[in-house]
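What follows is one structure encoded as C-alpha cells, with my remarks underneath.
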C-alpha cells in the first residue's frame, strides 16, 4: 500500500505504475491519474495531476523524469515530489498554497520502455527502445527528438549513437505524446522541468545557441533562488545558467522546445552526482538528493505565483 | 547476479584533456574502441579542461590503460569494478528479492 511504499529505494516500472494507481485511489481530492498515450512497446504513459481541485484554468507546472533510462534518480525524485506534496498539503502552508493555486503534472517515467530495459537487461541503457529496420541498433535519445533545432550540433544522425536524434522530430511516441499534451494545454503551463542526472546543474534555454532568452532576468533569478534553496538543505552547490554556456552547445532539447511553445520558465535539472557513483547513485543518497531538489522545485513554483 | 554479472571487471575511466591536442588524441582513441560515454553524451562534445567519464568493457581496460599511459594523458579510474557498484546500488533490492 502507499503508506508502506519505500521512497528511498529504486523501483521497477511495474512497482512505480502500481504505486501511481494506489496514490490515485487513495487521494482523489488532490490526485488525478491519466495516460497521455502509449510507448513504442505499447506501455501506457501515465501522468499524475497533483493539486486541489478547483477552477479548470489553474496555472500549471510540468515535471518529467526518466527521459534517459539509466538516470534512475529522476523517477525516484518524481515519486518523492508526489509523496511530499500529498503528505505536506495539510501541514505545510507553502505547499498548500502552491497546490491551491497550481496544478503539478508529474510524469515519473517518460521513457518507460528504456527504464524497463535498464532494469532487466542493460543498466546503462539511455535511449528509447524503438527499432530502426535498416540498423540493428535500437533507440533514440528522447532529449534529441524534439522539434527545435532538431538533429543539429550535439546530436547524431546515426542510429547506433547514444545521442541519436531519430528519423524525424517527435518520431518517438513517448516524445510525441508529451509534446501533444503540452501543446494542447500550453496556455496553462507556466513552467516546464525535466529531471536528469549526473552533473549537479540547473539549466535553462538556450541549448542550441549562445543568445540570451528574452526573459533572462526573471529566469536567471528563478534559477538562482532554486539553487540557493537546494544548497540550504545539505550545502551541495549546483551550477546554473543557460545550457549552451553552462554545459555545452547541443541540439534542441525538451527544455528548449517547451520554451519555444511559450512556456516562460523551462528548466532541466541535472541531479547528483558529478562523478563518484555516476549513474549508480546509491539508494542511501535518494533521500538527501530528493530533499534538496524538492526545495529547488518549490522555489521555482513559488516564483510562478509572483510577478517578475 | 544482477544483469547476469555482465559488468564484472568493467571500469569507468575519468580523463580531463588538458589541451586541444589531448582532445584530438582522445577522440582518435575513442574511435578505435567501443566505450559508453557517461559524460559528455558524445565524443563530439569532448572539450579540453572538461571531464570525460567513460564506461570501458573488461576486455578493453588493459588496452586503454596502456594507450593513455603511452600518450601521456592523465586519467583515473573512479569505478574499478562496475558490477560491484551495481550490486551496491541496489543491494537492498537484491536483498529484498532474497526476502
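Residue numbers (the working numbering), protein chains in the order written: chain R, 4 to 311; chain S, 6 to 104.
Backbone N, C-alpha and C fix where the C-beta goes; we use that ideal spot for every residue, glycine too.
Bear in mind the structure is a predicted one, so any value in this text is a computation, not a measurement.
Quiz item: What does DSSP give as the partner residues of residue 153/R in its beta bridges?
Solution: Translated into the one-based positions of the first chain, residue 153/R becomes position 150. Note: residue 153/R sits in no beta bridge, so no partner.
Quiz item: Are the C-beta atoms of residue 79/S and some chain R residue less than 9 Å apart?
Solution: For the purposes of this step, residue 79/S is taken as residue 74 along the second chain, with counting starting at 1. Judged by the 9 Å Cβ criterion, residue 79/S is not in contact with chain R.
Self-check item: Beta-carbon neighbours of residue 166/R, restricted to chain S and to distances below 7 Å
Solution: For the purposes of this step, residue 166/R is taken as residue 163 along the first chain, with counting starting at 1. Ordered by position in chain S, the residues that pass the 7 Å Cβ test against residue 166/R are 46 and 47.
Quiz item: Starting from residue 65/S and walking both ways along the alpha helix (DSSP H), at which residues does that stretch end?
Solution: Indexing the second chain from 1 puts residue 65/S at position 60. Residue 65/S -> alpha helix (DSSP H) spans 63-76.
Practice problem: Could you tell me which uninterrupted alpha helix (DSSP H) segments, each at least 4 residues in length, are contained entirely in the stretch 203-274 of chain R, listed from first to last along the chain? | Solution: As far as the stretch 203-274 of chain R is concerned, its whole alpha helix (DSSP H) runs of at least 4 residues are 219-237, 246-249 and 257-263.
Quiz item: To which residues of the same chain is residue 85/R closer than 7 Å at the C-beta, ignoring the five residues directly before and after it?
Solution: On the first chain, position 82 is the one that residue 85/R refers to. 26, 51, 53 and 109.
Quiz prompt | Residue environment, residue 14/R, which counts as buried when at least 16 other CB atoms sit within 10 Å | solution = In the first chain, counting from the first residue as 1, residue 14/R sits at position 11. It counts as buried.
Quiz item: So is residue 126/R in contact with chain S if we call contact Cβ pairs under 9 Å?
Solution: Mapped onto the first chain, residue 126/R falls at position 123. With 9 Å as the cut-off, residue 126/R counts as an interface residue toward chain S.
Quiz item: Which ranges would you report for the beta strand (DSSP E) in the stretch 95-163 of chain R if only whole runs of at least 3 residues count?
Solution: Runs of the beta strand (DSSP E) lying entirely within the stretch 95-163 of chain R and spanning at least 3 residues, in chain order: 105-110.
Quiz item: Taking the Cβ atom as the reference point for each residue, do residue 165/R and residue 130/R lie within a distance shorter than 9 Å?
Solution: Here residue 165/R is taken as the residue at index 162 of the first chain, counted from 1. Here residue 130/R is taken as the residue at index 127 of the first chain, counted from 1. Yes; because the gap between Cβ atoms is below 9 Å, this pair is in contact.
Quiz item: Nearest CA to the CA of residue 5/R: which residue from 213/R, 293/R, 190/R and 22/R?
Solution: Translated into the one-based positions of the first chain, residue 5/R becomes position 2. Sorting 213/R, 293/R, 190/R and 22/R by C-alpha distance to the C-alpha of residue 5/R places 22/R at the top.
Quiz prompt | Burial state of residue 132/R, where buried means 16 or more other Cβ atoms lie within 10 Å | solution = Here residue 132/R corresponds to residue number 129 of the first chain, with the count starting at 1. By the neighbour-count rule (16 or more Cβ atoms within 10 Å), residue 132/R is buried.
Self-check item: Closer than 9 Å at the beta carbon, the chain R residues around residue 58/S
Solution: Along the second chain, read from residue 1 onward, the residue named residue 58/S stands at position 53. Chain R residues near residue 58/S: 201, 278 and 281.
Exercise. Closer than 8 Å by beta-carbon distance: list the chain S residues that pair up with residue 251/R, in chain order.
Key: For the purposes of this step, residue 251/R is taken as the residue at position 248 of the first chain. For residue 251/R, the neighbours in chain S by C-beta distance under 8 Å run, in chain order, 45, 50, 52 and 55.
Quiz item: Less than 9 Å separating the beta-carbons of residue 114/R and residue 63/R?
Solution: Along the first chain, one-based indexing puts residue 114/R at 111. Along the first chain, one-based indexing puts residue 63/R at 60. No, these two residues do not count as a Cβ contact at 9 Å.
Quiz prompt | Where the alpha helix (DSSP H) through residue 186/R begins and ends | solution = The count along the first chain starts at 1 and reaches residue 186/R at position 183. Counting along the chain, the alpha helix (DSSP H) containing residue 186/R begins and ends at 176-187.
Quiz prompt | Within chain S, partners of residue 17/R - CB distance below 9 Å | solution = Taking the first residue of the first chain as 1, we reach residue 17/R at position 14. Chain S residues near residue 17/R: none, gap ~13 Å exceeds 9 Å.
Practice problem: Report the residue ranges of all alpha helix (DSSP H) runs contained in full by the stretch 9-70 of chain S; include only those spanning at least 4 residues, in chain order. | Solution: Those alpha helix (DSSP H) runs which fall completely within the stretch 9-70 of chain S and span 4+ residues are 25-37.
Quiz item: Within 9 Å (strictly less), CB to CB, does residue 284/R reach chain S?
Solution: Position 281 of the first chain, counted from the first residue, corresponds to residue 284/R. Interface residue, yes.
Exercise. Taking only beta-carbon positions, decide if residue 99/S is within less than 9 Å of chain R.
Key: In the second chain, residue 99/S corresponds to position 94, counting from 1. Note that residue 99/S has pLDDT 47, beneath the 50 cutoff, so the model's placement of it is unreliable and no number is given.
Practice problem: Taking residue 40/R as part of the beta strand (DSSP E), name the residues at either end of that continuous run. | Solution: As a working mapping, residue 40/R is identified with position 37 in the first chain. Its beta strand (DSSP E) spans residues 34-41.
Practice problem: Determine whether the Cβ of residue 7/S lies closer than 9 Å to any Cβ atom of chain R. | Solution: Start at 1 with the first residue of the second chain, and residue 7/S comes out as number 2. Taking Cβ atoms only, chain R reaches closer than 9 Å to residue 7/S, which makes this a yes.
Self-check item: Simplified DSSP state of residue 168/R, which is helix, strand or coil
Solution: If you number the first chain from 1, residue 168/R lands on position 165. Looking at residue 168/R - three-state DSSP - the assignment turns out to be coil, as it is neither helix nor strand.
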